[in-house]
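Note sheet for the following structure.
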Amino acid sequence: MTVIEVEKLTKAFKGKTIVKGLDFQLEKGRCVALLGPNGAGKTTTLRMLSGLLKSTSGIINFSGSQKGEDIRKYIGYLPQYPVFHPWMTGKEFLVYVGQLAHLTKQEASEKADQLLKKVAIYESRNQRIGKYSGGMKQRLGIAQAMIHSPQLLMLDEPVSSLDPIGRREVLTLMEELKTQTTVLFSTHILGDAEEICDDLLLMHQGEILESGSIDALRQRHQSAKFEIALRGDSATYLETLQAFSSVQDVFQEKGEVHVVVEDIELARKEILTKVLEEDWPLEKLALSKTTLEDLFMKVVKK
Amino acid sequence: MQWITIFKKELLEDWRNFKWVWVPLVFIIICIMDPLSTYYLPQILDAVGGVPEGTVIEGPELGPTEAIMFSLTEVSMLGVLVIVAISMAVIAGERKSGVAELVLVKPVSYFTYISAKWAAKLLLVFTAYLIGMLTSWYYVNLLFGDLSASQFIGLFLFYFIWLIFVVTLTFLYNTVVKIPGLVLTLSLITIMAMSAINQIFSFRMPWFPNSISEHITTMLAEGAIPNDLWGAAGITLGLSVILLVASNFILKTKEMAD
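Those sequence lines, one after another, are chains A and B. To convert, take the position in the first sequence, counting from 1, and add 1; that gives my numbering. To convert, take the position in the second sequence, counting from 1, and add 74; that gives my numbering.
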């Protein structure tokens, strides 16, 4: 079942198109990463879905909502840099936004306690938010997004600004949240996406270039590659390698040459023959598989 | 329900940042400053010294109605400045800091958001102005003679209509721009421009909002509410309603993030 369906979603700011006709849908109960480099249009997309920005054109269809209905009640949203009223306590803020989401004071208070425990800031619930650390604010941000048990939880770069410990904690928390609701979160770190997500939307320059489950993407983009390390400047060998009939793509990474091949047997023969013929200063020759990282880098560098 | 939630939150905010303490205090000072200094001018000059021996200083003979109008004049300048200053960030500040991004992503209507904040700010202004004017009334009665309760209530309420307009105007600019300092500037410029227009065209436009204080003077002198006061009060209230509704539409056209 789909939770939200997006058609031709477009956003232009002052003549510049930031988001260019996105089409995608989110399945209920999945955890989806909106992955892309900075400036890809991720935040703008999430803000349109949350109703904070108006789309220039396109349709956002929330399943289960009536036409013209306020879809904000189905959505929980955490901005990249959440700002709170510093004079409120964490508990007060949660009760406040809970009541704004149509909970009674009693319900909001109970839900707030429950969430404060879940995000592990219950001890600081009666402290002014102005005194919270960055990690605590981020966790309070997640709690406020969850206060009305939304059907879709959207988190904008939830771990990017955190230190390693805070990052780990929030990722663990997200693991738990994804069992309760559909989660869409943006990130520019593939590792985070791979770690907790089922599906991936790969976004670059306002377009979605790849989408699907992480496993399917991995399969689809998995091809064999040789990692070759040579003494000296390996750049001089790129052209020779590129010329082989078995070679699809050649790129450099961390001083090594990565050679994506179609036919492993043929490629091995071609490469090794060349190495012997021209006496290349070979230091390493290994067979491996392309990763999503390779895909990500390829897309981003284009 | 949501309306009450936001209304209470605003009251709590102004309580925690001490506005409920200092705004009434400032209004007391604003309201009693002129009547008191006028009354005690001879003694003050005497105490400061520098006046040649034998000089007789006679303050103008003031009646209670003139004395209390001194208070209103100060409210119309310093009081309005304070009112605009405490309202300049009420929505603009939340939009600028980003809190609005968390609040308005919840299913709350913009009109609820605006009107609840408006009512909360108006309650603070009303209270401060009431306390200030009551203090002034006390001293006027003590020093300048009796001012009847009906006269006081009349001038107090009619002038409050002008203050409602000032608050609403500031709210309108809160939705137009999101820099509090700019809200302050635009509001004050508008009020000054209106005051200039009022002075130039006062004979042609007896119902212009800024003319309320002149009509109040007439009311106190004649002991009856002039028709023009009703007219000006009605126009001012109507304009306030229009501005409040306009704020809602303007905020709707704004993006809550950039």
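Positions of the beta carbon are idealized from the N, C-alpha and C atoms, including for glycine. If you're wondering where the values come from, they're calculated on a predicted model, not measured in any experiment.
Item	Value
Paired residues, beta bridge with His259 (chain A) - DSSP	A:Glu228, A:Phe252
Given Leu178 (chain A) as reference, the closest of A:Asn127, A:Lys119, A:Ile215, A:Ala109 once Cα atoms are compared	A:Lys119
CB contact below 9 Å: Ser189 (chain B) versus chain D	Of the protein chains in the structure, A and B, none is chain D.
Cross-chain neighbours of Gly52 (chain A) in chain B, by beta carbon under 7 Å	Val179
Three-state class that DSSP yields for Ala34 (chain A) in the structure shown	strand
Distance between Lys106 (chain A) and Lys112 (chain A) (C-alpha atoms, nearest Å)	10 Å
Cβ-based burial, Ser111 (chain B) [other Cβ within 10 Å; buried from 16]	exposed
Among B:Phe92, B:Ala163, B:Trp96, B:Ala121, the one whose alpha carbon lies nearest that of Phe245 (chain B)	B:Ala163
Reference Trp211 (chain B), options B:Leu152, B:Phe230, B:Val177, closest by Cα	B:Phe230
DSSP state of Thr291 (chain A) mapped onto helix, strand, coil	coil
Listed by chain order, chain B residues near Lys55 (chain A) by CB distance under 8 Å	Glu329
Where the beta strand (DSSP E) through Phe14 (chain A) begins and ends	3-14
As assigned by DSSP and simplified to three states, the class of Asp88 (chain B)	helix
Unbroken beta strand (DSSP E) run spanning Ile238 (chain B), endpoints	Where Ile238 (chain B) is concerned, there is no enclosing beta strand (DSSP E), although the alpha helix (DSSP H) it sits in stretches over 223-250.
Meets three-Cβ-pair contact criterion under 8 Å: the stretch 161-177 of chain A and the stretch 5-12 of chain A	no
Enclosing alpha helix (DSSP H) for Asn322 (chain B) [first to last residue]	301-327
Where Gln100 (chain A) meets chain B, residues with beta-carbon distance less than 8 Å	Met75, Gln76, Thr79
Near-chain B residues of the stretch 63-80 of chain A - C-beta to any C-beta below 8 Å	Asp71, Arg73, Lys74, Ile76, Tyr78, Pro80
Beta carbon proximity, Glu135 (chain B) to chain A, threshold 9 Å	no
Reference Leu198 (chain B); option with closest CA among B:Leu318, B:Gly219, B:Lys82	B:Lys82
Where Lys83 (chain B) meets chain A, residues with beta-carbon distance less than 7 Å	Tyr97
Where the stretch 131-160 of chain A meets chain B: residues whose CB sits under 7 Å from a CB there	Gln145
For Gly77 (chain A), the three-state DSSP class (helix, strand or coil)	strand
Ile316 (chain B) classed as buried or exposed, judged by whether at least 16 other C-beta atoms fall within 10 angstroms	exposed
With 16 other Cβ atoms within 10 Å as the buried cut-off, status of Ile229 (chain A)	buried
Residue closest to Tyr233 (chain B), alpha-carbon to alpha-carbon, out of B:Ile104, B:Ala270, B:Ser150, B:Ile157	B:Ser150
Within chain B, partners of Val84 (chain A) - CB distance below 8 Å	Ser171, Gly172, Val173, Glu175, Leu176
Beta-carbon proximity check, Gly77 (chain A) vs Pro151 (chain A), cutoff 9 Å	yes
Interface positions of the stretch 86-99 of chain B facing chain A (Cβ-Cβ less than 9 Å), listed along the chain	Leu86, Glu87, Arg90, Asn91
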